[in-house]
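Peer 1:
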Amino acid sequence: MSWTLRAPGDYSLRRDVCSYGYFLLEPNDWDVRRRVFSRPLDLPGGVAVVRVGQPGGKGRRLVVESDRKLTRRDRAAAERMLVRMLRLDDAGVAEFHRVDPRWRASGRGRLFRSPSFFEDLIKTVTSCNVAWPSTMNMNERLCAAFNPAFPSAAQLARKRPATLRARCGVGYRDGRIVELSRLWAGGGIDEEWLSDAATPDEAVFARLLELPGIGPYAAGNLMQLLGRYSRLAIDTETLRHARVVLGYEGGERSLIRAIERHYEPFGAHRFRSYWFEVWAFYEAKRGPSWTWEKAGAGRTFTAALLRDA
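FYI, in my numbering the residues of the sequence shown are 1 to 309.
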């Protein structure tokens, strides 16, 4: 089954899918040669694998195929998930280019994310305090153990932390993942409120910090995954960027203050400006991100793994 999905006129599938590291995490798959994005989705009628291509590599038409016939409800759900993942409804790109014109020519502005905020939440937890290959391994094992389309909150809420640790290699994150899943399944995390443009960024950030296992870095990252770019997600990559690319010196606190001053002029788009600088550094080492094979460059693109590049 196939159909057409409308995209903004400036949309580039290869650029905008391969714009953030989560495109490399299971169950996402980017076909480097065919330039097609695919993954299984958990739809009302069951799991279906969808594939998305862009004929000619540009234009407003994305072609979506599924490995089974979809009901009207299935297709509507699949489209909602694809719009979220591909950021087809991001109305802030033009404003970002006005604020930071460095990225206008390349068209960069959209950041890939998951089909649900719950999946983004768990992926963020698996990315904290760990090397990137381990993040990839954890997500691969979560999908292999519980659901090829990524386990739902209801599925993970029923698991014992020890089961997650043994089967998925999540280490100390086991209890946090279960607790977050139970909160989500029980209605304790209000995604609608978090996503509502009327909710102030400061209130969203404060609420995220209240969640189990979510510190300032994770909360900042979750903000951008909610489409809120006013905060940075500061970690060791940020400090490396400050030293190597921006040329700042000093200890951690001094670097953080310098980073915050540097990105302050970009206002509501701070994270976008920061991230595309970081991404340009990775691509300078490993080539355009849409050429990264998951088992090759995709496992070695973070700064800690690029020392010999």
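The C-beta atom is built at its ideal place from N, Cα and C for all residues, glycine as well.
Exposed or buried, which one is Met138 when buried takes at least 16 other CB atoms within 10 Å?
Peer 2: buried
Peer 1: If you check the beta carbons only, do Phe271 and Ala233 fall under 8 Å apart?
Peer 2: In this structure, Ala233 lies closer than 8 Å to Phe271 by Cβ.
Peer 1: Considering only the beta carbon of each residue, do Asp16 and Arg80 sit closer than 8 Å?
Peer 2: no
Peer 1: So what does DSSP say about Phe301, is it helix, strand or coil?
Peer 2: coil
Peer 1: Given a cut-off of 8 Å on the beta-carbon distance, is the pair Val49 and Ser38 in contact?
Peer 2: Against a cut-off of 8 Å, the Cβ pair of Ser38 and Val49 comes out as a contact.
Peer 1: Could you please give me the residues that DSSP links to Val47 through a beta bridge?
Peer 2: Asp42
Peer 1: Judging by CA-CA distance, which residue of Gly107, Phe23, Arg102 is the nearest neighbour of Lys58?
Peer 2: Residue Gly107 is the option with its Cα nearest to Lys58.
Peer 1: Does the Cβ-Cβ distance between Gly296 and Val99 come in under 8 Å?
Peer 2: Not closer than 8 Å, so no.
Peer 1: How is Phe112 classed by DSSP in three states: helix, strand or coil?
Peer 2: Assignment of Phe112 by DSSP, reduced to helix, strand and coil, places it in the coil class.
Peer 1: Tell me, please, which residues DSSP counts as bridged to Thr4.
Peer 2: Val63
Peer 1: With DSSP collapsed to three states, give me the class of Asp29.
Peer 2: strand
Peer 1: Would you mind working out which of Asp90, Ala78, Pro27, Ala7 sits nearest Arg228, comparing C-alpha positions?
Peer 2: Asp90
Peer 1: Going by CA-CA distance only, name the one from Val178, Trp184, Glu293, Arg231 that's closest to Leu203.
Peer 2: Per the sequence shown, residue 203 should be read as Ala rather than Leu. Of the candidates Val178, Trp184, Glu293, Arg231, the one whose C-alpha sits nearest the C-alpha of Ala203 is Arg231.
Peer 1: Within the same chain, show all residues whose beta-carbon is closer than 8 Å to that of Arg34, passing over the 5 residues directly before and after it, in chain order.
Peer 2: Gly53
Peer 1: Residues in the same chain with beta-carbon distance under 6 Å from Arg165, minus the five sequence neighbours each way, listed in chain order, please.
Peer 2: Asp174
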